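Asks: Take a look at the following structure, please.
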Amino acid sequence: GLKKKEVNVLCLGLDNSGKTTIINQLKPSNAQTQDIVPTIGFSIEKFKTSSLSFTVFDMSGQGRYRNLWEHYYKEGQAIIFVIDSSDKLRMVVAKEELDTLLNHPDIKHRRMPILFFANKMDLREALSSVKVSQLLCLENIKDKPWHICASDAVKGEGLQEGVDWLQDQIR
Ligand code: GTP
Ligand code: MG
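To convert, note that position 89 of the sequence shown is 91 in the working numbering; the numbers rise steadily by one, no gaps.
Below is the structure:
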């Protein structure tokens, strides 16, 4: 059959935001794991959509590993940035990491689509995706296509909409 186009995606965001849970849900059910543990360093995962074959760098969000992120920026063609919508205290930390990312020389002047997941929308204290978008000042991102989706990675809700958007951005 036709060979799908290969795309490298960086999955970034603070620890405990749900990155690994999201990527796990995107994999075919026979490749999914049951027990998800905090990522050490990073992990390379693969999943396919109708036209693309994604290789994901699922990075650890723990403070001590965040300095690893930048070593993979050159390889990435798109970014999935995950936010724990219920973690109001660390929203400012998420914004700092996002701003550092956007200002990095390997990211800054490239047209790299960024898909944001405002994750954990199932939690009562979760902020809406509009509120998360405001707190992260996403409207200031002018040089890259971006999109934000509310998601519940445990149930797998909101993920497909995001991945459909991402697929449309890659050509
Ligand atoms: P690091 O690898 O440490 O950077 O974390 P991570 O971003 O990969 O988070 P991970 O996927 O390991 O999820 C952290 C915890 O949040 C786990 O207990 C998940 O089950 C839980 N979790 C992930 N997504 C959701 C969600 O949408 N809703 C709820 N309620 N819990 C979630
Ligand atoms: Mg992880």
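Note that the Cβ used here is the ideal one computed from N, Cα and C, for glycine as well.
Keep in mind the model is a prediction, meaning the values are calculated, not measured.
1) Would you report the Cα separation of residue 166 and residue 89, rounded to the nearest angstrom?
2) Leaving aside the five residues before and after residue 101 along the sequence, list all residues of the same chain whose C-beta is less than 8 angstroms from its C-beta, in chain order.
3) Alpha carbon to alpha carbon, how far is residue 21 from residue 35? Give it in angstroms, no decimals.
4) Could you please give me the residues that DSSP links to residue 61 through a beta bridge?
5) Please determine whether the Cβ atom of residue 23 lies at a distance below 7 angstroms from any heavy atom of the ligand GTP.
6) Taking DSSP as the reference, what is the three-state secondary structure of residue 96?
7) Quick check: the segment 71 to 91 against the segment 133 to 153, are there 3 or more CB pairs under 8 angstroms?
8) Hey, would you say the C-beta of residue 69 is under 7 angstroms away from at least one heavy atom of the ligand GTP?
9) With hydrogens ignored, establish whether the beta-carbon of residue 40 is closer than 7 angstroms to any heavy atom of the ligand MG.
10) According to DSSP, is residue 18 part of a helix, a strand, or is it coil?
11) Less than 8 angstroms between the C-beta atoms of residue 59 and residue 29, yes or no?
12) Determine the DSSP secondary structure at residue 120, reduced to helix, strand or coil.
13) So, using beta-carbon positions, are residue 16 and residue 92 closer together than 8 angstroms?
14) So, with DSSP's three-state summary, where would you put residue 133?
15) Hey, out of 73, 18, 31 and 46, whose CA is closest to residue 180's CA?
16) Distance, Cα to Cα, residue 135 vs residue 6?
17) What does a CB cutoff of less than 7 angstroms around residue 45 pick up in its chain, not counting 5 residues either side in sequence?
18) Note down, in chain order, each residue of its chain lying with its Cβ closer than 7 angstroms to the Cβ of residue 8, except the 5 sequence neighbours on either side.
Replies: Concretely, from the data shown:
1) Between residue 166 and residue 89, the C-alpha separation is close to 26 angstroms.
2) none
3) 14 angstroms
4) According to DSSP, residue 61 bridges with 44.
5) yes
6) helix
7) Taking 8 angstroms as the limit for Cβ pairs, the verdict is that the segment 133 to 153 does touch the segment 71 to 91.
8) Not so, every heavy atom of the ligand GTP lies at least 7 angstroms from the Cβ.
9) yes
10) coil
11) no
12) strand
13) yes
14) Here residue 133 carries a helix assignment [DSSP, helix/strand/coil].
15) An answer regarding residue 180 cannot be provided, because it is not within the stretch 3 to 173 covered by the chain.
16) 32 angstroms
17) 60
18) 55 and 57
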